[in-house]
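Note that the protein sequences, when read in sequence, are chains Y, A and V.
Heads up, the first sequence is in the working numbering, so the first residue is -13 and it goes up one at a time.
Heads up, the second sequence is in the working numbering, so the first residue is 92 and it goes up one at a time.
Heads up, the third sequence is in the working numbering, so the first residue is 49 and it goes up one at a time.
We put the CB at the ideal spot given by N, CA and C, even for glycine.
Just so we're clear, the structure is a prediction, and the values are computed from it rather than from any experiment.
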Amino acid sequence: MANSRSISVAFVGSGGAGALTTGTFLLEAAGAGGWYGLLTRTVGAQIRGGEAVSVVRLAAAPVECMAEKIDLLIGIDWHNAQRLGEEIAVGSQSLVIGDPRGGDPPSNIAASGARVAQVPLKDMAKTIPEGRPNMIALGIAAGLLGFPRDVVAKSIEQRLAEKGAAAVEASRAALALGFDTATSLDFPFRLPPPVQSTARRWLVSGNEATALGAIRGGIRFAAAYPITPATEVLEWLAPNLTKVGGVLLQAEDELAAINMIIGASFGGTPAMTATSGPGLSLMVESLGLATAAEIPIVIVDVMRAGPSTGIPTKSEQADLNIAVYGCHGDAPHLVLAPQSVADCLFTTQWATYLAEALQSPAIVLSDQFIGQARAAIERPADVAFIGQRLKASAVEQPYKRYALVGGGVSPMAIPGMRGAQYTAEGLTHTERGIPTGGAADHQNQLNKRRHKLDAFNYGDHWATVEGSGDLAVVTWGSLTGAAREAIGRLRDDGIDAALIAPRLLAPVQPDRFAAVLAGKERVLVVEQTHGAQFYHYLRAHYDLPANVRVLNRPGPSPIRPNEIHRAITEWRKQ
Amino acid sequence: MSKTPGGPKISTLADLLAVAYQIEADAVERYELLASQMETHNNPELAATFRDLARAEAVHRDEIKRLAGDIDVVAHARDMAKWNTGESPEQADIGAAHYMMTPWHALQLALGGEQRALAYFKSVAETAKDSAVKKMAEEFVEEEAEHVNLVHRLLRKHRRPPESWSDDPDPPVAQE
Amino acid sequence: MMSADAQLACKPADYKSDVKPIWCPGCGDYHVLMSFTRAFAELGLPPEKIAIISGIGCSSRIPAYTNCYGFHGVHGRALALAAGLKITRPDLTVVVASGDGDGYSIGGNHFLHACRRNIDMTYVVMDNRIYGMTKGQPSPTTEPEFDTALSPGGTGLRPFHPLVIALASGANFVARCFSGAPNETASILVDAIRHPGFSFVEILSPCVTFRPDEKDWKTLVHPAPVAATSDPARAARRIMTDDGFNIGILYRGDRKPYQPRFGQACADLAELEKDFEL
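So, in structure tokens, the structure goes:
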């Protein structure tokens, strides 16, 4: 039996079958056993009862993207599973398990040449009081993967403890039946044993990591309007902000949400909102206000496919333009993008720190893929980025809120402070904040706001830069993991390639970019947009070599490592 | 909804046939709607159950139409077959539908409908002044009583599901 | 903290800034500014503990003309901005200044939800039934027959009824003032600020440039014939049937203001990670 770098397992089933929860259980058990993993979920258009699949990719090393094929596909039922399309693509080596009472597997499975084994999950479940087919499916998967029974059983017991002894007993029995069934099935893949480590391990989604990063960075107030796929950021923040002396307010709309956080931040409380494309569109006017009035705020945009309502539950990277260029007028602000589930924590924390330090709005461009994916990871290292705002102390009269100081960051008075009363202003203003139509003040304040962002030293966090060779893959956000994996496969082929993935998208870093691009003869730009927004952004701000290719595609199908690998391999042949 | 909906006044045989026709036609439409909801929500077993019920009611509907001969029951029903609840007796309550419901639940809905129809025709038979109307209403009473018995027999094949029948291990999914 | 004596010593002039208003001479908003400073002086509030939040329009210029903290934000969103401020800084006195276009048209949705939320703040709308900053377009309170460049012959639309809408939406204090009676307005503002929850004060404030007809308002206004009620149904009936020039406090409710518990940190940050530990 071959050891695989990773194994992908998918559970398919319609409403009530428990396909989503089963995937979570498998990831949890793998995480408890010392493996790493990433879980994504896809469902039909129904709130409840839709066809659903959870895909878990497991490995002995961190997993940051999904594989091209499912190695083990278990259909608790196959109702409308053909709609899940390439989410459940299998190969000729794959094993497909289905219940003969659950309908016929989708036609692409038969065409793939994968082996299909019939297991009567429903009937088996009926032999156990309160038994559920999905728990048998979990036992089969865990058994085929070679997971220790006790680790899986313990993990499930902890999860189901609150449902009572009967539920735990039913699950234990179903799990055992699944493990027994697995012994009679032939599955050619095995996971490498987990690397022994004492590091603490987490099971976390990107949206949760984002929320924690915000609190760690100092956020104590959030206002937001529910929107898919950002709502989980808010769901985690609401109770947890309360624990640290903060609060979340549900706003009447996104226009209110961003203004509420501007108000809170004006009062001295670091504040954030989380939304997706349609909400960001509504917020843009006030994003300009926060820029002009120099109010630090953090806006998390968990991107989904657009424009308009688009595909709310699927990922895309096409909010890049609105995030970087959305405002009217010249309105420089911070735009950052996390690169993995774990990096959602770091990037949001850093964004909060930068927003406070630079008295500027910061947009965090996460996306549905890393936002809603759940990962078994090592606990991310602590970082020291905690928002510190330059506040006015003893002031000369009259107080100049928008004073033209070196570095551009002028001390900010917080209401309550005596003798520094001022009016925060969205009109072009003087250093005191008094509205003016004068050319000099307009130029001076534009300079000030541009300069404070440009002059700041962002350090090495501005981008992920890895590898070597004369070809660079330049990508961003959630595609970083797929690009890294493709470069790893190239290395196995004996080919060196570099990865450049800016985490800081605005302000742009021409000097740093030029330095990492030195000696690169070819650049492959990889992005999940229809209009090649990232490519045009790079073209606008950076000097690229003459040989540039773009691998771009809109959502919802994520660009996979093999596509990047193929694009480079073929390019090198020419 | 165990109470008989206040139904249309029956004066003539044509009234009775039109109303009986409409009751069955409404039932067909309602079961088709429920079947399509279940198809959308991946409950094929229930979709099939509701389609079977719809088919059975369609047979009754067509029988009544044949029985009516030259009387245009469709047009006549449009004018007078109106219930003050807005629902005719055999229309299953759509508010009682659930994506994880079982055949037992579907049959409970069907039973309620047949019982309401039975009660309605009984009241027509009891209050009819025209002897032909009374006789036909009594035939409908017998027929509906047989339907009630049929549903009871079908129900014997299905155990009442455990309390946990609607437990979905998966959470609801955010869409927009 | 100021001592009690120092607070008492505040004069209306202490709340005025050195910024010169751009309002047209004769504009009712000058009177409103005067009423603001008189009310603050009477309340003895230190200027640094007051925040005046506004949107866009003639009325929204008011924050910079005071010596308080202020925020001149975008069109229509002042109430939302103020909500975020007051919830996180309950120690501040928050006054929101708006006009009939800013508050009832572009900001209409926030008006409903601010009333419903009932956060302890005072919302002052200077209503001149016209857009002044953009040269005289009809606002939601403009009379149907009033002729403007954008609505030749009038809009034909029934005016918005802000006081009743405030009541129906849950405002806890509703009053109507006339800018030309600044002492009376100041005294109502004092009551509005003291009253817990969301206080709504509509000030009829004539626009001399685009609505010279509003000069007649001073002859039309009259004190409300009966005292404020705490029964919203009675208040609504009175407001719906009065002539629109009934001046005074029309409703004082007793709803509990919305103020989420805020400030007590009970967990150390490391606690939060427990959700994620395997």
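Using a 10 Å radius around the Cβ and a threshold of 16 neighbouring Cβ atoms, would you call residue i buried or exposed?
i          : result
Y:Cys313   : buried
Y:Asp353   : buried
Y:Ala216   : buried
A:Ser102   : exposed
Y:Met(-13) : Reliability fails at Y:Met(-13), whose pLDDT of 40 lies under 50, so the model's placement of it is uncertain and the value that follows must be treated cautiously. By the 10 Å Cβ count, Y:Met(-13) comes out exposed.
A:Lys248   : exposed
A:Val164   : buried
A:Lys94    : Note on A:Lys94: pLDDT 43, under 50, position unreliable in the model; the coordinate value appears next. A:Lys94 is exposed by the Cβ-count criterion.
V:Met12    : The structure shown does not extend to residue 12 of chain V, since chain V is modelled only from 49 to 326, so the question has no answer here.
V:Leu205   : exposed
V:Glu325   : exposed
Y:Ala18    : buried
Just to confirm the assignment, what range does the alpha helix (DSSP H) spanning residue i have?
i        : result
V:Met82  : Gly76 to Leu91
Y:Trp222 : Thr217 to Lys229
Y:Pro547 : Pro547 to Lys559
V:Ser217 : Pro210 to Ser217
A:Thr272 : The structure shown does not extend to residue 272 of chain A, since chain A spans only 92 to 267, so no value can be given for it.
A:Lys189 : The sequence given here has His at residue 189 of chain A, not Lys. Taken as a continuous stretch (DSSP letters only), A:His189 belongs to no alpha helix (DSSP H), as it is neither H nor E.
A:Leu241 : Ser222 to Arg247
Y:Trp188 : Premise fails: Y:Trp188 lies in the beta strand (DSSP E), Arg187 to Ser191, not in any alpha helix (DSSP H).
Y:Phe499 : Pro496 to Leu503
Taking the CB atoms as reference points, tell me whether residue i and residue j lie closer together than 7 Å.
i        : j        : result
A:Ala149 : A:Val110 : no
V:Ala126 : V:Ser146 : yes
Y:Ala243 : Y:Ala250 : no
A:Lys182 : A:Asp117 : Per the sequence shown, the amino acid found at residue 182 of chain A is Gln instead of Lys. Against a cut-off of 7 Å, the Cβ pair of A:Asp117 and A:Gln182 comes out as a contact.
Y:Glu194 : Y:Trp222 : yes
Y:Leu171 : Y:Ala103 : yes
Y:Leu490 : Y:Trp448 : yes
Y:Val494 : Y:His527 : yes
V:Asp148 : V:Asp168 : no
V:Ser247 : V:Phe221 : yes
How would you list, in chain order, the residues of chain A whose beta-carbon sits under 7 Å from the beta-carbon of residue i?
i        : result
Y:Gln32  : Thr131 and His132
Y:Val286 : Within chain A, no residue comes near Y:Val286; the closest Cβ sits about 16 Å away, beyond 7 Å.
Y:Ala38  : Asp261
Y:Val29  : Val264
Y:Thr217 : Ala265
At a threshold of 6 Å, does residue i count as lining the ligand ZN (C-beta to nearest heavy atom)?
i        : result
A:Pro262 : Among the components modelled here there is no ligand, and therefore nothing to report on the ligand ZN.
Strictly by DSSP, which residues pair up with residue i?
i         : result
V:His270  : V:Asn294
Y:Gly150  : Per DSSP, none; premise fails for Y:Gly150.
Y:Asn538  : Y:Glu513
Y:Tyr22   : Y:Ala45
Y:Leu81   : Y:Leu58 and Y:Arg101
Y:Ile486  : Y:Val451 and Y:Val460
V:Ala99   : V:Tyr117 and V:Val142
Y:Gly(-1) : Y:Ala38
V:Cys225  : V:Ile251
So residue i contacts chain Y; which residues on that side make the cut at Cβ distance below 7 Å?
i        : result
A:Glu267 : Thr214, Thr295 and Pro298
V:His243 : Result: empty, since nearest Cβ-Cβ is about 21 Å, beyond 7 Å.
Where does the unbroken beta strand (DSSP E) through residue i begin, and where does it stop?
i        : result
Y:Arg418 : Per DSSP, Y:Arg418 belongs to no beta strand (DSSP E) and is neither H nor E.
A:Leu124 : Unbroken run through A:Leu124 is the alpha helix (DSSP H), Leu104 to Thr131; no beta strand (DSSP E).
Y:Pro347 : Pro347 to Asp353
Y:Thr261 : Ala257 to Thr261
Going along chain V, which residues have a C-beta under 9 Å from residue i?
i        : result
Y:Val230 : Ala313, Cys314, Ala315, Asp316, Leu317, Glu319 and Leu320
Determine the chain A residues that contact residue i at a beta-carbon separation under 8 Å, and present them in chain order.
i        : result
Y:Val102 : Neighbours of Y:Val102 on chain A: none; closest Cβ ~20 Å, over 8 Å.
Y:Asn66  : Asn133
Against residue i, what residues of chain V qualify as contacts under a CB-to-CB distance less than 8 Å, listed in chain order?
i        : result
Y:Arg290 : Result: empty, since nearest Cβ-Cβ is about 24 Å, beyond 8 Å.
In chain Y, which residues lie with their C-beta within 8 Å of the C-beta of residue i?
i        : result
A:Met191 : Gly1, Gly2 and Gly35
V:Asp139 : Gly402
V:Ala89  : The contacting residues do not exist; V:Ala89 stays about 16 Å from chain Y at best.
Can you pull the chain V neighbours of residue i, defined as C-beta to C-beta under 7 Å?
i        : result
Y:Gln407 : Pro95, Glu96, Asn115, Cys116 and Tyr117
In chain Y, what lies closer than 9 Å to residue i by C-beta?
i       : result
V:Val80 : Near V:Val80 there are no residues of chain Y at all, since even the closest Cβ is about 16 Å away, more than 9 Å.
Taking residue i as the query, report the chain A residues whose CB atoms sit under 9 Å from its CB, ordered along the chain.
i      : result
Y:Leu6 : Pro260, Asp261, Pro262 and Val264
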